[in-house]
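Quick notes on the structure that follows.
Residue numbers (our numbering): 15 to 236.
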């Protein structure tokens with residue numbers, strides 16, 4: 015199955031082949047709508063609303079069946095679903111099916127769910143244990159998030175993001191990040207984009223001047 019896609023199949027079938035009821039008393043008057051879910055993501059739910067004749071309204075949130083459906087035209091509305099922070103969109107979001115209890119063939123109607131969002135995995139290294147980083151993530155639509163350690167951000171709108179890192183003071187020293195600015199393009203995918211920031215302690219220098227000694231006499235400093 016293609017990456018980032020999930021396929022949902024709806025099956026509408028009569029009670030038995032030939033359009034007769036089990037007792038053989040006449041044509042079947044109702045049918046069953048069965049939902050089967052095939053997904054790349056384990057546990058991906060559905061969010062379906064089914065409307066039909068005489069004000070019928072039903073809903074399904076995953077694999078299951080609607081029984082006792084009268085003949086007629088039904089509208090299937092599929093809404094986006096969110097799993098582990100990722101948003102999945104149905105394509106198409108609305109479809110029309112015809113239920114005919116007297117007909118034996120099963121009607122299959124596929125709904126494709128495509129991932130809408132992306133994610134970013136940020137790895138921070140080089141700081142002493144317990145020290146907090148100083149990172150700012152900015153993205154589309156005014157998105158901002160302050161980060162202090164490694165982690166993965168899911169459910170991000172697709173687009174360009176900028177990660178800005180600032181120096182931090184920890185353990186009596188100053189740590190500077192590399193890179194200071196990192197631009198990352200987030201695409202619709204379950205696999206996070208990677209971003210790494212490495213901190214290093216700033217090593218200082220001390221200049222000492224000595225005066226008053228005769229020429230050629232070295233100073234002794236402790």
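Beta carbons are placed, not taken as given, at the ideal position from N, Cα and C, and that holds for glycine.
Residue i burial status per 10 Å Cβ neighbour count (16 or more: buried)
i	result
residue 45	buried
residue 80	buried
residue 227	exposed
residue 60	buried
residue 214	exposed
residue 209	buried
residue 67	exposed
CA-to-CA distance, residue j to residue i, given in whole angstroms
i	j	result
residue 204	residue 133	7 Å
residue 141	residue 150	17 Å
residue 14	residue 92	In the structure as shown, the chain begins at 15 and stops at 236. Residue 14 is therefore absent and cannot be evaluated.
residue 155	residue 186	39 Å
residue 107	residue 99	20 Å
residue 217	residue 233	25 Å
residue 194	residue 112	59 Å
residue 130	residue 168	11 Å
residue 124	residue 69	24 Å
residue 162	residue 197	18 Å
residue 51	residue 117	24 Å
residue 137	residue 164	5 Å
residue 188	residue 63	57 Å
Residues near residue i in its chain [Cβ-Cβ closer than 8 Å; skip 5 each side]
i	result
residue 110	87, 88, 89, 90
residue 57	97
residue 153	170, 171, 173, 174, 175, 176, 200
residue 101	94, 95, 129, 130, 131, 169
residue 207	132, 133, 134, 135, 198, 199, 200, 201
residue 166	133, 134, 135, 136, 206
Close-in-space but distant-in-sequence residues of the same chain around residue i (CB under 6 Å, 5 per side omitted)
i	result
residue 49	24, 74, 77, 78
residue 65	71, 89
residue 191	179, 211, 213
residue 139	212
residue 224	233
Residues bridged to residue i [DSSP beta-bridge criterion]
i	result
residue 206	Note: residue 206 sits in no beta bridge, so no partner.
residue 157	153
residue 77	Bridge partners of residue 77: none, in fact.
residue 105	126
residue 190	214
residue 72	64
residue 176	152, 197
residue 100	97
CB contact check: residue i to chain C, cutoff 7 Å
i	result
residue 199	This model lacks chain C altogether, as it is built from one protein chain only.
Legend entry - Three CB pairs or more closer than 8 Å across the region 173-192 and the region 143-156: yes
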